[in-house]
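Undergrad: Residue numbers (the numbering used here), protein chains in the order written: chain H, 1 to 274; chain G, 1 to 197.
For every residue, glycine included, the Cβ atom is placed at its ideal position computed from N, Cα and C.
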Amino acid sequence: MDSLEYIDDYFKGLLTADQKKEFEQRILSDPSFAEELAFYLNTQALLKDDLEDEKKARFKELYRRNNPVDMGGSVEGQERPQGGDWPQKGDRLERREPLARGIGPVRKLWPYLAAAAVLVAVVAVWLVFSTGSSPDRLADQYIRDQLQNLPVRMSSVQDSLQKAIALYNEDRLPEALSQFERLLQRDSARAQARIYSGIVCLRLEKYDKALDYFQQLEADTTLYNNPSLFYQSLTLMKRNHPGDSQKARQLLQLVVDRDLDMKEDAQRLLLKRW
Amino acid sequence: MRPDNTITDAEIIDNLTRNGNERRKAEDQLFNGYSYFVREGVRKYSLAEEDALDVYSDTIISAIEKITTGFFEGRSSLKTYLFRIFHNKCVDRIRLLTTNKNRIHRTAALADQLLSSLSDTAKSVVQRMVDRSDFDVLRARLGELGENCRKMLALFADGYTDKEIAVAMDYKTAEVVKTSRLRCLERLRQSYNVLKH
């Protein structure tokens with residue numbers, strides 16, 4: 001079979017498991033084949049790159065058309081009118097009626113102001129008398145604020161850990177988990193991979209598996225910083241089974257009392273009512 | 001705010017997985033529907049409007065890719081999904097603004113992405129060759145291919161199958177498209193190698 005066709009079939013997923021192994025073997029043993037593969041990939045990447053540029057140019061044009069006052073002033077051939085009827089952001093290109101002059105608009109605002117006042121009162125009452133948030137919502141909030149992205153090392157060389165982190169940051173969680181787990185299989189002492197495996201499991205709502213990773217981490221006495229108790233607590237808050245909330249509080253308290261890693265975050269969570 | 005008052009997420013997704021004009025229209029609808037994110041990029045992440053627009057365009061392109069390849073599972077609304085991507089990309093952009101990545105790196109990164117299914121050892125062999133490639137020469141050779149060849153290769157890179165290309169470009173069968181496409185690729189490879197060596 002012609003090399004390019006063989007490569008094409010590989011990327012189309014047409015090869016069997018054995019053929020895929022053979023494919024990888026050929027990359028290692030046949031430099032000219034590896035070069036053809038690099039050529040194939042470069043061509044695909046360049047074409048994709050061009051397609052993206054083309055789409056971006058189209059989107060930019062759309063944006064300029066819909067937002068004539070942004071991105072450097074008025075649209076060619078159109079001056080911004082002085083009245084109030086020029087389309088604003090979010091108007092979806094429908095022409096608005098010019099606002100009536102004088103007292104009219106203020107009068108129209110009264111019902112909204114009254115509704116806003118009522119809303120403020122309701123929120124105030126709720127804040128005074130409510131019993132606080134549920135632990136899983138607090139955990140959600142924490143995950144949203146702190147765990148949407150994992151730190152990336154600034155380097156031109158991207159190792160397997162960095163690639164897994166990149167997958168995580170692109171929200172490709174199942175792929176990130178496989179990559180972190182592969183790393184752990186190769187080197188079971190990689191604490192970072194274990195922490196991240198637990199975090200991905202937590203985000204994928206595989207709570208028991210996440211707890212398992214964090215407990216394994218807890219047993220690792222070689223670490224200078226060990227956030228395992230904090231993450232166990234967060235997982236319990238998120239799982240929120242009977243008794244989980246109480247156990248989570250105890251663990252957070254332990255983090256604070258023993259001055260462990262993530263102490264400040266634990267303190268902040270303990271201050272909330274849940 | 002939805003892309004259009006009369007269009008649901010499901011319809012947009014459905015149209016994105018079609019080909020030709022319907023897909024293009026759905027892409028534009030998706031872009032228009034949430035373009036107020038650009039303002040958010042300026043306000044929340046202190047990006048210049050030009051950068052925020054670029055990030056937003058990247059967001060839409062990435063979402064389209066995920067939707068068309070079946071990676072979007074529909075566990076959240078399109079708006080939530082897009083905002084999550086947008087947020088991550090804004091953070092990346094802020095990091096990128098402090099480094100000096102150029103276009104070649106972007107293309108190399110794309111090639112690297114395509115390699116993700118290989119083992120680390122095989123990947124590093126190919127990666128070394130990707131890094132040594134001359135993208136400028138390849139781009140120039142690509143520009144010299146005939147219009148039909150370029151279009152066929154571009155459609156394939158955009159995720160069209162040979163069968164869909166056959167319909168879009170009026171070829172008799174998918175097999176004819178595959179043969180012609182690989183022939184175009186071979187021609188490109190030869191002209192690239194002549195110039196490179």
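List, in order along the chain, the chain G residues whose C-beta lies closer than 7 Å to that of aspartate 187 of chain H?
TA: Under the 7 Å cutoff, chain G gives no residues; its nearest Cβ is about 12 Å from aspartate 187 of chain H.
Undergrad: Please name the residue in G/Arg141, G/Leu47, G/Ser124, G/Ser57 whose C-alpha comes closest to that of arginine 95 of chain G.
TA: Minimum Cα distance to arginine 95 of chain G is reached at G/Leu47.
Undergrad: Measuring CB to CB, does arginine 194 of chain H end up less than 7 Å from leucine 217 of chain H?
TA: Going by C-beta atoms, arginine 194 of chain H is nearer than 7 Å to leucine 217 of chain H.
Undergrad: Relative to chain H, which residues along the segment 12-43 of chain G have a C-beta separation below 8 Å, given in chain order?
TA: So the close ones are Glu27, Asp28, Phe31, Asn32, Ser35, Tyr36, Val38, Arg39.
Undergrad: Closest by CA to alanine 230 of chain G, which one among H/Gly198, H/Gln146, H/Leu37, H/Ala45?
TA: The question about residue 230 of chain G has no answer, for chain G in this structure spans 1 to 197.
Undergrad: In angstroms, rounded to a whole number, what distance separates the CA positions of leucine 28 of chain H and valine 125 of chain G?
TA: So the two alpha carbons sit approximately 7 Å from each other.
Undergrad: Looking at C-beta atoms only, is the number of pairs between the segment 170-184 of chain H and the segment 193-213 of chain H that lie closer than 8 Å three or more?
TA: Enough Cβ pairs lie closer than 8 Å, so yes.
Undergrad: How is the alpha helix (DSSP H) around serine 3 of chain H delimited, first residue to last?
TA: It spans 3-11 - the alpha helix (DSSP H) in which serine 3 of chain H sits, taken as one unbroken run.
Undergrad: Using 8 Å as the cut-off, can you tell me whether the segment 18-38 of chain G makes contact with the segment 53-61 of chain G, which would need three or more C-beta pairs spanning the two stretches below that distance?
TA: The segment 18-38 of chain G is in contact with the segment 53-61 of chain G.
Undergrad: Taking Cβ positions, are threonine 17 of chain G and threonine 68 of chain G nearer each other than 7 Å?
TA: Yes, these two residues count as a Cβ contact at 7 Å.
Undergrad: I believe leucine 115 of chain G touches glutamine 127 of chain G by the beta-carbon criterion, under 8 Å. Please report the beta-carbon distance rounded to the nearest angstrom.
TA: Indeed, because the Cβ distance is near 7 Å, the residues count as touching under 8 Å.
Undergrad: Compute the Euclidean distance between the alpha carbons of tryptophan 110 of chain H and leucine 173 of chain H, then round it to the nearest angstrom.
TA: For tryptophan 110 of chain H and leucine 173 of chain H, the distance between alpha carbons rounds to 49 Å.
Undergrad: Would the beta-carbon of glutamate 175 of chain G fall within 7 Å of that of asparagine 19 of chain G?
TA: Taking 7 Å as the Cβ cut-off, glutamate 175 of chain G and asparagine 19 of chain G do not qualify as a contacting pair.
Undergrad: Just how far apart, CA to CA, sit arginine 181 of chain G and serine 117 of chain G?
TA: So the alpha carbons of these two residues sit roughly 23 Å apart.
Undergrad: Between lysine 238 of chain H and valine 38 of chain G, what straight-line distance do the alpha-carbon atoms span, to the nearest angstrom?
TA: Rounded to the nearest angstrom, the two C-alpha atoms are 32 Å apart.
Undergrad: In three-state DSSP terms, what is methionine 152 of chain G?
TA: Reduced to three states, the DSSP call for methionine 152 of chain G is helix.
Undergrad: Below 9 Å between beta carbons is the criterion; list the residues of the segment 30-47 of chain H that meet it against any residue of chain G, in chain order.
TA: Of all residues in the segment 30-47 of chain H, Pro31, Ala34, Glu35, Glu36, Leu37, Ala38, Phe39, Tyr40, Leu41, Asn42, Thr43, Gln44, Ala45, Leu46, Leu47 have a Cβ within less than 9 Å of some Cβ in chain G.
Undergrad: How long is the line joining the alpha carbons of serine 119 of chain G and serine 160 of chain H, rounded to whole angstroms?
TA: Going from the Cα of serine 119 of chain G to the Cα of serine 160 of chain H covers about 11 Å.
Undergrad: From the DSSP output, in three-state form, read off aspartate 198 of chain G for me.
TA: Residue 198 of chain G is absent from the structure shown; chain G starts at 1 and stops at 197.
Undergrad: Within 7 Å of any Cβ in chain G, is that where the Cβ of lysine 55 of chain H sits?
TA: Closer than 7 Å to some Cβ of chain G, the Cβ of lysine 55 of chain H qualifies, so yes.
Undergrad: Any C-beta of chain H sitting closer than 7 Å to the C-beta of phenylalanine 83 of chain G?
TA: Output row for phenylalanine 83 of chain G: interface = no.
Undergrad: Could you tell me the distance, in whole angstroms, from the CA atom of arginine 189 of chain G to the CA atom of threonine 16 of chain H?
TA: Distance between the alpha carbons of arginine 189 of chain G and threonine 16 of chain H: 27 Å.
Undergrad: Going straight from the alpha carbon of glutamate 264 of chain H to that of aspartate 9 of chain H, what length do you get?
TA: Computed Cα separation, rounded: 53 Å.
Undergrad: By the three-class DSSP mapping on this structure, what secondary structure does methionine 169 of chain G have?
TA: In this structure, methionine 169 of chain G counts as coil in the three-state DSSP scheme.
Undergrad: Report the CB separation of asparagine 42 of chain H from valine 194 of chain G in whole angstroms; it is logged as a contact under 8 Å.
TA: Asparagine 42 of chain H to valine 194 of chain G, Cβ: 16 Å. No contact.
Undergrad: Whose C-alpha, out of G/Glu50, G/Val42, G/Gly74, is nearest the C-alpha of threonine 8 of chain G?
TA: Threonine 8 of chain G has its Cα closest to that of G/Gly74, out of G/Glu50, G/Val42, G/Gly74.
Undergrad: Would the beta-carbon of serine 233 of chain H fall within 7 Å of that of leucine 260 of chain H?
TA: Not in contact: serine 233 of chain H and leucine 260 of chain H (Cβ atoms no closer than 7 Å).
Undergrad: Quick check on phenylalanine 71 of chain G: does DSSP put it in helix, strand or coil?
TA: Phenylalanine 71 of chain G falls in the coil class under three-state DSSP.
Undergrad: Quick one: using the 10 Å Cβ neighbour count with 16 as the cut-off for buried, is glycine 143 of chain G buried or exposed?
TA: So glycine 143 of chain G ends up on the exposed side.
Undergrad: Relative to the C-alpha of tyrosine 207 of chain H, which residue among H/Lys55, H/Lys60, H/Ala139, H/Lys56 is closest?
TA: Taking only the C-alpha atoms, the option nearest tyrosine 207 of chain H is H/Ala139.
Undergrad: Only counting the same chain, and skipping five residues up and downstream in sequence, which positions put a Cβ closer than 6 Å to that of tyrosine 40 of chain H?
TA: Cβ within range, chain order: Ile7.
Undergrad: Skipping 5 residues on each side, what residues in its chain have a beta carbon closer than 8 Å to that of glutamine 215 of chain H?
TA: So the qualifying residues of the chain are Ser228, Gln232.
Undergrad: Exposed or buried, what is glycine 41 of chain G when buried is set at 16 or more other beta-carbons lying within 10 Å of its beta-carbon?
TA: Looking at its Cβ environment, which holds 16 or more other Cβ atoms inside 10 Å, glycine 41 of chain G is buried.
Undergrad: Using alpha carbons as the reference points, say which of G/Tyr192, G/Ala157, G/Met152 lies closest to threonine 179 of chain G.
TA: Minimum Cα distance to threonine 179 of chain G is reached at G/Met152.
Undergrad: Under 7 Å, Cβ to Cβ, is there at least one residue of chain H near methionine 129 of chain G?
TA: Chain H contact via Cβ: present.
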